[in-house]
Amino acid sequence: MTVAVSILPEQQLAVLNAAYRQAVARRRWRLLLGIVVFAAALVLAAVGAEVNLRTLFTYFGNFLSYFDRIFTLDSGQRVWTDVGEWLWGWRKWLRMLGETLLISYVGTLIGATFAFCLNFFAAENTSPAPWLRFVVRRLLEFARTVPGIVFALIFVIAFGLGPMAGVLAIAIHSTGALGKLFSEIVENADMKPVEGIRSTGASWLSCMRFAVVPQVTAGYASYALLRFEINVREASVMGFVGAGGIGQELVVAIRKFYYSDVSAILLTIIVTVFIIDITTGWLRGRLFGKEART
Amino acid sequence: MTGPQEVDTAALRARYPDVFDRPASARLAMPAMIVAAFAILVYGLVDLDFSPSRFFNGLSQLGWISLMMIPPDPGSSLPIYLKALGETLSIALLGTTLAAVFALPVSLLAARNVIPSQILRFPVRRFLDSIRGVDTLIWALVWINVVGLGPFAGVLAIAVSDFGAFGKLFSEAIEGADQKQVEGIRASGGSPLHEIRFGLLPQVLPVIAGQVLYFIESNTRSATIIGIVGAGGIGLQLAEQIRVLEWQKVSFLILMILVAVAAIDFISGKLRFAIIGRRAVA
Numbered sequence: 144m145t146v147a148v149s150i151l152p153e154q155q156l157a158v159l160n161a162a163y164r165q166a167v168a169r170r171r172w173r174l175l176l177g178i179v180v181f182a183a184a185l186v187l188a189a190v191g192a193e194v195n196l197r198t199l200f201t202y203f204g205n206f207l208s209y210f211d212r213i214f215t216l217d218s219g220q221r222v223w224t225d226v227g228e229w230l231w232g233w234r235k236w237l238r239m240l241g242e243t244l245l246i247s248y249v250g251t252l253i254g255a256t257f258a259f260c261l262n263f264f265a266a267e268n269t270s271p272a273p274w275l276r277f278v279v280r281r282l283l284e285f286a287r288t289v290p291g292i293v294f295a296l297i298f299v300i301a302f303g304l305g306p307m308a309g310v311l312a313i314a315i316h317s318t319g320a321l322g323k324l325f326s327e328i329v330e331n332a333d334m335k336p337v338e339g340i341r342s343t344g345a346s347w348l349s350c351m352r353f354a355v356v357p358q359v360t361a362g363y364a365s366y367a368l369l370r371f372e373i374n375v376r377e378a379s380v381m382g383f384v385g386a387g388g389i390g391q392e393l394v395v396a397i398r399k400f401y402y403s404d405v406s407a408i409l410l411t412i413i414v415t416v417f418i419i420d421i422t423t424g425w426l427r428g429r430l431f432g433k434e435a436r437t
Numbered sequence: 018m019t020g021p022q023e024v025d026t027a028a029l030r031a032r033y034p035d036v037f038d039r040p041a042s043a044r045l046a047m048p049a050m051i052v053a054a055f056a057i058l059v060y061g062l063v064d065l066d067f068s069p070s071r072f073f074n075g076l077s078q079l080g081w082i083s084l085m086m087i088p089p090d091p092g093s094s095l096p097i098y099l100k101a102l103g104e105t106l107s108i109a110l111l112g113t114t115l116a117a118v119f120a121l122p123v124s125l126l127a128a129r130n131v132i133p134s135q136i137l138r139f140p141v142r143r144f145l146d147s148i149r150g151v152d153t154l155i156w157a158l159v160w161i162n163v164v165g166l167g168p169f170a171g172v173l174a175i176a177v178s179d180f181g182a183f184g185k186l187f188s189e190a191i192e193g194a195d196q197k198q199v200e201g202i203r204a205s206g207g208s209p210l211h212e213i214r215f216g217l218l219p220q221v222l223p224v225i226a227g228q229v230l231y232f233i234e235s236n237t238r239s240a241t242i243i244g245i246v247g248a249g250g251i252g253l254q255l256a257e258q259i260r261v262l263e264w265q266k267v268s269f270l271i272l273m274i275l276v277a278v279a280a281i282d283f284i285s286g287k288l289r290f291a292i293i294g295r296r297a298v299a
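Chains as they are written, first to last, in my numbering: chain B, 144 to 437; chain Y, 18 to 299.
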């Protein structure tokens, strides 16, 4: 059989081979170094986080038996054998869930409104002044980076216990998150309509209203819906710090070891989150076409 | 003289009826939606006890609190706070790594191009969805019941809740992979395991690495708060100082969190670009 591939002269081949081996070796060294650094970081983190494998193995049974316990009624039967008994508090829980949904709805809407007002100042192409852009961006960054539940903790002290603190915390966090996303949409908008409107002598406000807003509303609404989804999850734990919603019931059930209540409340939360996810996904698909399903 | 004002409106109206006379249903849809959205908002405000007096009282309280926060001052507990911050970073790193290690095999089971059978995939996916539907804080509470208070519970909480997220993201990355390589391996007589090892993983590993780094970033944020329920880290200190109204320490802790998150963002952003180039990661 003839060889179809031409083979280079020995000398040339040796040089190329050496270069190739060197390149591969360098890559392997870098990979190895990366792995060593990562492993060292992991060990350091394990010490820092007080990881104790013996505790884990000793008590891992607890984890499994915890699920065993939350699926057992007081009478010792499995929860699904007596659904009426399991979901005994459904009226109350549904009311609290409704409160959770309202908290996230009102919080998202307020946050989206603020984000809408602020984002034109934060976007590169529409901001009237660089210093204003800097200030607004730092503000949004602050609102976004401080976790919502920290705001909730502080607001509970300022506004008293109850859903008001939760709503405001979610509103602030949403302002930060949506403000950034909104301004990114604005930065991608076509500037030709703005120039056209400015050439007619319109003010900055009219430029935004008639040139930018019509281009970006669909994107805004899509992101706001996505945020609502996230906020429902967030609102479900706001009750942990006393800021209203179903979390309050859940934390009481967990702390007081009302096992079957824990699983019942968790079930209602998971089902609600599913429904919200599916509904908003469907709504986004219908309003803005397939590509908006992120 | 023909100015723009002399356009034959009647002819235009005849030619584009949809532009000039939109059907009533189309014209009413937007205002109706706005009215509905506003109505729910008002109902919500009433139902959630939003009284103006309470709101303004709270605002003035908040003003006082902000004044008392200045200047941020750790007092004599700076070493404790630094240790807590280290704990938080450890929780984020370990939790994310654990989640990624466990999620990779499971995500293969949830990917359409690895497991074609809908019946096998369905339970895996719903399982991942259920884990994701429960917030990290709730997982933290569950793990505290198992391993006790402390950062270890935090690690496990982050690991479990991220496991759900990673499982979904990884399986999407795997489904987006090119099937040609896999077919090539199969054609040369490779087993299904070979197909995954040599056909799929080389394609998806960079994407997955990018996602893991991104999650370490966002988990630094989550890890700062799980301390609020007692799962270790800086959130524990923060919640305590808020409860005892030590506002200067609170503002110092918040500043620490902001700086730490910014630093992690910066570092992992650099790493991410080094690994996968300037490609956007979902």
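Here a beta-carbon is modelled for each residue, glycine too, at the ideal position from N, C-alpha and C.
- [ ] Flag Y:N130 as yes if its beta-carbon sits less than 8 Å from any beta-carbon of chain B, otherwise no.
- [x] no
- [ ] Return the bridge partner residues of B:R221 from the DSSP annotation.
- [x] B:T215
Task: Status (buried if at least 16 other CB within 10 Å, exposed otherwise) for B:N374 - done: Residue burial annotation: B:N374 is buried, with at least 16 other C-beta atoms found within 10 angstroms of its C-beta.
Open item on the list: To be precise: take each residue of the stretch 166 to 179 of chain Y, compare its Cβ to all Cβ atoms of chain B, and keep it if any distance is under 9 Å. Which residues remain?
Closed with: G167, P168, F169, G171, V172, L173
Task: Distance between Y:Q254 and B:V278 (C-alpha atoms, nearest Å) - done: 29 Å
TODO: Compare the C-beta of Y:D38 with all C-beta atoms of chain B and state if any pair is closer than 8 Å.
DONE: With 8 Å as the cut-off, Y:D38 does not count as an interface residue toward chain B.
Task: Inter-stretch contact (C-beta, 8 Å, three-pair minimum) for the stretch 22 to 42 of chain Y and the stretch 266 to 275 of chain B - done: no
- [ ] Kindly say whether B:V355, judged by its beta-carbon, lies nearer than 8 Å to any beta-carbon of chain Y.
- [x] no
Open item on the list: Closer than 8 Å between beta carbons: that is the criterion. Which residues of the stretch 193 to 222 of chain B meet it against chain Y?
Closed with: E193, V194, N195, T198, L199, Y202, F203, N205, F206, Y209
Open item on the list: Can you pull out the residues from the stretch 371 to 396 of chain B whose beta carbon lies closer than 9 Å to at least one beta carbon of chain Y?
Closed with: R376, E377, S379, V380, F383, V384, G387, G390, L393, V394
- [ ] Just mark B:T251 as buried or exposed, buried being the case when its beta carbon has 16 or more other beta carbons within 10 Å.
- [x] buried
Open item on the list: For the stretch 199 to 213 of chain Y against the stretch 141 to 150 of chain Y, do three or more pairs of beta-carbon atoms, one drawn from each stretch, fall closer than 8 Å, so that the two count as touching?
Closed with: no
Open item on the list: Measuring straight from C-alpha to C-alpha, what distance separates B:E284 and B:G319?
Closed with: 6 Å
Open item on the list: Just verifying my parser: in three-state terms, what is the DSSP assignment at B:R398?
Closed with: Reduced to three states, the DSSP call for B:R398 is helix.
Task: C-beta neighbour in chain B for Y:Q196, strict 8 Å - done: no
Task: Assigned exposure category for Y:T113 - 16 Cβ within 10 Å defines buried - done: With 16 or more other Cβ atoms inside 10 Å of its own Cβ, Y:T113 counts as buried.
Open item on the list: Assuming contact is defined by CB atoms lying nearer than 8 Å, are B:A354 and B:V337 in contact in what I supplied?
Closed with: yes
Task: N- and C-terminal bounds of the alpha helix (DSSP H) containing Y:F180 - done: 168 to 192
Open item on the list: Short of 6 Å in beta carbon distance, which residues of its chain neighbour B:A255, apart from the five on each side in sequence? Order them along the chain.
Closed with: Counting only Cβ-Cβ distances below 6 Å, and skipping sequence neighbours, we find L321, A367.
Open item on the list: According to DSSP, is B:M381 part of a helix, a strand, or is it coil?
Closed with: helix
Task: B:R436 burial status per 10 Å Cβ neighbour count (16 or more: buried) - done: Below a pLDDT of 50, predicted positions are generally treated as unreliable, and B:R436, at 41, falls in that range; the measurement from the model is reported next regardless. With fewer than 16 Cβ atoms within 10 Å of its Cβ, B:R436 is classed as exposed.
Open item on the list: Residues of chain Y with CB closer than 8 Å to the CB of B:V416, please, in chain order.
Closed with: G150
Task: B:M307: contacting residues in chain Y (beta-carbon distance under 8 Å) - done: L65, D66, F67, R71, F72, G75
Open item on the list: If you reduce the DSSP assignment to three classes, tell me which class B:W231 lands in.
Closed with: coil
- [ ] Return no unless some Cβ of chain B is closer than 8 Å to the Cβ of Y:I87.
- [x] no
- [ ] Over the uninterrupted alpha helix (DSSP H) stretch that includes B:A286, give me the two end residues.
- [x] 273 to 288
Task: Delimiting residues of the alpha helix (DSSP H) encompassing Y:A256 - done: 251 to 260
Open item on the list: Using CA atoms only, rank isn't needed, just tell me which of Y:F290, Y:E200, Y:L270 is closest to Y:K305.
Closed with: With chain Y running from 18 to 299 in the structure shown, residue 305 of chain Y is simply not present.
Task: Residues of the stretch 215 to 237 of chain Y with Cβ closer than 7 Å to any Cβ of chain B, in chain order - done: none
Task: Residue burial classification, B:W236 (beta-carbon count within 10 angstroms, cutoff 16) - done: buried
Task: Three or more C-beta pairs below 8 Å linking the stretch 237 to 250 of chain B and the stretch 51 to 66 of chain Y - done: yes
Open item on the list: Considering only heavy atoms of the ligand HEM, does any lie closer than 7 Å to the CB of B:R370?
Closed with: What this structure holds is no ligand at all, so the ligand HEM is not there to describe.
Task: Sub-8 Å separation of Y:A248 and Y:F180 beta-carbons - done: no
- [ ] With DSSP collapsed to three states, give me the class of B:T269.
- [x] coil
TODO: Could you tell me the boundaries of the alpha helix (DSSP H) in which Y:P96 lies?
DONE: 95 to 127
Open item on the list: So, for B:S379: in the same chain, excluding its five sequence neighbours on each side, which residues have a beta-carbon less than 6 Å away from its beta-carbon?
Closed with: T243, I389, G390, I412
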